[in-house]
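Q:
Protein chains: 2
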Amino acid sequence: MKYQAINFAEKLSLFSEYWSPKVVAEMNDYQLKLVKLKGEFVWHRHSDTDETFIVLEGQLRIDFKDGHVFLNAGEMFIVPKGVEHRPFAEKEVKAIIIEPKGVVNTGDAIADPLTAESDVWI
Amino acid sequence: MKYQAINFAEKLSLFSEYWSPKVVAEMNDYQLKLVKLKGEFVWHRHSDTDETFIVLEGQLRIDFKDGHVFLNAGEMFIVPKGVEHRPFAEKEVKAIIIEPKGVVNTGDAIADPLTAESDVWI
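Listed in order, the protein sequences are those of chains U and R. Quick note on numbering: UniProt numbering labels position 71 of the first sequence as 71, and the sequence is numbered without any gaps. Quick note on numbering: UniProt numbering labels position 91 of the second sequence as 91, and the sequence is numbered without any gaps.
1) Let me check understanding here. Comparing Cα to Cα, which of Asp-63(U), Gly-102(U) and Asn-28(U) lies closest to Glu-99(R)?
2) Please report the straight-line C-alpha distance between Pro-113(U) and Asn-72(U), rounded to a whole angstrom.
3) Measuring only between beta-carbons, confirm whether Glu-75(U) sits less than 8 Å from chain R.
4) Give the DSSP-derived three-state secondary structure of residue 146(R) in the structure shown.
5) Determine, using beta carbons only, whether Asp-66(R) comes closer than 8 Å to chain U.
6) Short of 8 Å in beta carbon distance, which residues of its chain neighbour Ser-47(R), apart from the five on each side in sequence? Order them along the chain.
7) Within its chain, find whatever has a CB closer than 6 Å to the CB of Glu-51(U); leave out the 5 residues flanking it on each side and keep chain order.
8) On the DSSP bridge assignment, give the partners of Gly-39(U) in chain order.
9) Between which residues of its own chain and Glu-57(R) is the CB-CB distance below 6 Å, once the five residues before and five after are set aside?
10) Count the other CB atoms, across all protein chains shown, that sit within 10 Å of the CB of Ala-111(U); report buried if there are 16 or more and exposed otherwise.
11) What does Lys-33(R) reach in chain U if we use C-beta pairs closer than 7 Å?
12) Taking all protein chains shown into account, decide if Val-120(R) is buried (16 or more other Cβ within 10 angstroms of its Cβ) or exposed.
13) Measure from the C-beta of Lys-22(U) to each C-beta in chain R and report whether the shortest distance is under 8 Å.
14) May I have the straight-line CA-CA distance separating Asp-66(R) from Ile-97(R), to the nearest angstrom?
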């Protein structure tokens, strides 16, 4: 079929690992990624870009040095460029991440054990 | 509260007009907009940018000159730059649109009756 919708649930069923964003679409030089999150991520920042989180399932907490935000399904938040943050999910969270192509998940915390390849499609 | 999630349902409850995207967040020079769609839009294209549609409720059809795509809740599609398209919704659709700041909803069909202001926040 020439024109094909991208179904989030279907794409999410194709992988199980946490903290490993999978690209599902590209808009200009931005990518939309699906990710499963569980547990505590590493503190990091993205020096060059804002980062959008949209939660599809579960509750995501994003910690900042001076506060935090809870995101439930149907909610979003944009982490501003340069701001240190740490995602945390007590139970599994399914989310969309939107950011420019090439952004690494751990930002300035390069080579962290949680650093994932940045351009893996699913 | 310093850090505040954006709740799509709450934002969508604040307006009722169709084909009039409301900006809810900005990521770098891109905007995330919420929109309610019903009926047939105008054929148009965006010469400078791709355009992302994510459907939250309802079923959106996007017509192309040589085909179409149906988007249900939890599905997305990116209309490539320069491609003529016409959104259509038999019943009300609630959707997210993501595109660079300044993009006008009717693209090259400027001054169509359906042309909306491009930077209205909600």
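Glycine residues also receive a C-beta, built at the ideal position from the N, C-alpha and C atoms.
A: Let's see:
1) With respect to the C-alpha of Glu-99(R), the residue from Asp-63(U), Gly-102(U) and Asn-28(U) having the closest C-alpha is Asn-28(U).
2) Straight-line Cα distance between these residues: approximately 27 Å.
3) Yes, its Cβ sits closer than 8 Å to a Cβ of chain R.
4) In the structure as shown, chain R starts at 1 and stops at 122, and residue 146(R) therefore has no counterpart that could be examined.
5) Chain U, which has a Cβ nearer than 8 Å to the Cβ of Asp-66(R), makes this yes.
6) Once the five neighbours on either side are set aside, the close Cβ partners of Ser-47(R) are Lys-81, Gly-82, Gly-107 and Asp-108.
7) Only Val-79 and Glu-99 meet the Cβ criterion.
8) According to DSSP, Gly-39(U) bridges with Ala-89(U).
9) Here the set comprises Ala-73 and Lys-94.
10) Exposed is the call here.
11) Neighbours of Lys-33(R) on chain U: none; closest Cβ ~12 Å, over 7 Å.
12) Classification of Val-120(R): exposed, given that the 10 Å Cβ count is below 16.
13) No, its Cβ sits nowhere closer than 8 Å to a Cβ of chain R.
14) Each residue's Cα considered, the two are about 23 Å apart.
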